[in-house]
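First to last, the sequence lines map onto chains A and B. Following the numbering used here, the numbering of the first sequence begins with 1151 at its first residue and continues without gaps. Following the numbering used here, the numbering of the second sequence begins with 14 at its first residue and continues without gaps. Each residue gets a CB set at the ideal place from its N, CA and C atoms; glycine is no exception. Structure record follows, encoded as structure tokens.
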Amino acid sequence: MELTNLETVPGRTIVRHLGLVQGSTVRSKHLGRDFLAGLKNFVGGELRAYTELLNESRAEAIERMVAQASAAGGNAVLNVRFATSNIAAGAAEVMAYGTAVVLE
Amino acid sequence: MELLVQLAIFALLLLVGLVFGRASEQRHFREIRRREAELRDVLVFNERRPPADRAFRQATLVVGSVVIAEDYFKRIAAGVRGFFGGRVTVYESLMDRGRREAVLRMKEQARRHGATLVFNVRFETSSLAADGGAQSTMFSAEFIAYGTALVPR
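This is the structure in structure tokens:
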């Protein structure tokens, strides 16, 4: 499965468009990690636990998007975009979406 | 008496934020400058299409992300600034730092793939502040930079 946020894959031809595919996951950031993050808050700086959490979430969102694309018979997702939104009470949604296509 | 204790705690937190927060930010900026110099040969574009007259062997999605939180001093300083209005420099440096770190992580990932170019770079920033709890109203934000890494043929 090829993933790119370009509109085409350089050097390859798009044979068929399969439409929009998306994957998303909602994770809570209050899970034990929050205590340490709370302490860290007085000093500021990178909250590594959250960086990791959101990276894991993004990987999962991509995985779900890819599953949808391959179920539709695609072998690439083009024009991939990400969106993170902070929904209520410490939970964040991470979403990935793009266009599934068949490359030659 | 109780007020005095609370005031002391407040002053202590402010001092911790000012001293340690600033020190860690300056350390981070030094590190960012060093890595930026190191990764200067990975070129980054927000152009949507790579040049048509060059051939590429591989195109991969690369993502760099980081979550940065404010310190206690920044929070209070921003609160005071919010009262008078104007440039909130304590947050400007935080945003700058987060975005540059995200770009660096994206570039590092691109280099691991052997890429020299990253096209169609997009930024995404989201605030993780609104968590409802009265205790943890500290501001933190996630910065993402992503694009397509290209390995020249």
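Within 9 Å, strictly: CB atoms of residue i and residue j
i, j, result
"R132/B", "S140/B", "For clarity, residue 132/B is Phe in the given sequence; the question names Arg instead. Taking 9 Å as the Cβ cut-off, F132/B and S140/B do not qualify as a contacting pair."
"T1201/A", "V79/B", "yes"
"A158/B", "A128/B", "no"
"E64/B", "L1156/A", "Per the sequence shown, the amino acid found at residue 64/B is Pro instead of Glu. Cβ atoms of P64/B and L1156/A: not closer than 9 Å."
"F136/B", "R113/B", "no"
"G160/B", "L25/B", "no"
"E155/B", "T1163/A", "no"
"E38/B", "G1195/A", "yes"
"E1206/A", "A72/B", "no"
"G1161/A", "A68/B", "yes"
"V103/B", "K120/B", "no"
"T1154/A", "V1230/A", "yes"
"F1232/A", "R1198/A", "no"
"P165/B", "R70/B", "yes"
6 Å Cβ shell around residue i - same chain, five flanking residues per side excluded
i, result
"A1250/A", "L1168, V1171, A1219, A1222, G1224, V1227"
"R118/B", "G77"
"I1212/A", "A1246"
"A1241/A", "V1176, S1178"
"H126/B", "T73, A162"
"F58/B", "F132"
Three-state secondary structure assigned by DSSP to residue i
i, result
"A158/B", "strand"
"G145/B", "In this prediction, G145/B scores a pLDDT of 45, lower than 50, which makes its location untrustworthy; no coordinate-derived value is stated."
"L52/B", "coil"
"G1173/A", "strand"
"T1154/A", "coil"
"I22/B", "helix"
"G232/B", "A query on residue 232/B cannot be resolved here, the shown segment of chain B reaching from 14 to 166 and no further."
"G127/B", "coil"
"G77/B", "strand"
"F1232/A", "strand"
"L1181/A", "Residue placement at L1181/A cannot be trusted, given a pLDDT of 48 that sits under 50; what the coordinates show is reported in the next sentence. If DSSP states are grouped into helix, strand and coil, L1181/A belongs with coil."
"E1196/A", "strand"
"V101/B", "coil"
"A1226/A", "strand"
"R62/B", "coil"
"V1159/A", "coil"
Contact set for residue i: own chain, Cβ-Cβ below 7 Å, skip 5 residues either direction
i, result
"V101/B", "A91, R94"
"M1215/A", "V1171, Q1172, G1173, V1227, A1246, Y1247, G1248"
"D84/B", "G30, G34"
"V1165/A", "V1252, L1253, E1254"
"E1210/A", "T1175"
"N1236/A", "A1242"
"Q19/B", "none"
Beta-ladder partner(s) of residue i, from DSSP
i, result
"R1166/A", "V1252/A"
"T1201/A", "The partner list for T1201/A (beta bridge, DSSP) is empty, contrary to what the question assumes."
"T138/B", "F156/B"
"L163/B", "A72/B, L130/B"
"M1245/A", "S1174/A, A1233/A"
"A82/B", "G1195/A, S153/B"
8 Å CB neighbourhood of residue i in its chain, flanking five on each side removed
i, result
"I89/B", "L27, G30"
"L56/B", "T129, L130, V131"
"R124/B", "L52, V55"
"T138/B", "M108, G111, R112, A154, E155, F156, I157"
"E15/B", "none"
Residue i CB to nearest heavy atom of the ligand COA below 8 Å
i, result
"Y104/B", "In the structure shown, the ligand COA is absent, as is every other ligand, since no ligand is present at all."
**Asked** Given a limit of 7 Å on CB to CB distance, which residues of the stretch 1191-1209 of chain A reach chain B?
**Response** Going along the stretch 1191-1209 of chain A in chain order, one finds N1191, F1192, V1193, G1194, G1195, E1196, L1197, Y1200, T1201, L1204, N1205, R1208 with a Cβ nearer than 7 Å to chain B.
**Request:** With 8 Å as the limit, tell me which residues of the stretch 1151-1175 of chain A have their beta carbon closer than that to any beta carbon of chain B; keep them in chain order.
**Result:** Those would be E1152, L1153, T1154, N1155, L1156, E1157, T1158, V1159, P1160, G1161, in chain order.
**Against chain A: residues of the stretch 29-43 of chain B by CB proximity under 8 Å** = The residues in question are V29, G30, F33, G34, S37, E38, H41.
**Message:** For the stretch 105-116 of chain B, list every residue whose C-beta sits within 7 Å of some C-beta in chain A, in sequence order.
**Reply:** Listed by position along the chain: nothing, the set is empty.
**Item:** Contact set between the stretch 81-95 of chain B and chain A, restricted to residues whose Cβ is under 7 Å from the partner
**Value:** Answer in chain order: I81, A82, E83, D84, Y85, K87.
**Request:** Could you name the residues of the stretch 115-134 of chain B whose beta carbon sits closer than 7 Å to any beta carbon of chain A, in the order they occur along the chain?
**Result:** F132, N133: these are the residues of the stretch 115-134 of chain B whose beta carbon lies less than 7 Å from some beta carbon of chain A, given in chain order.
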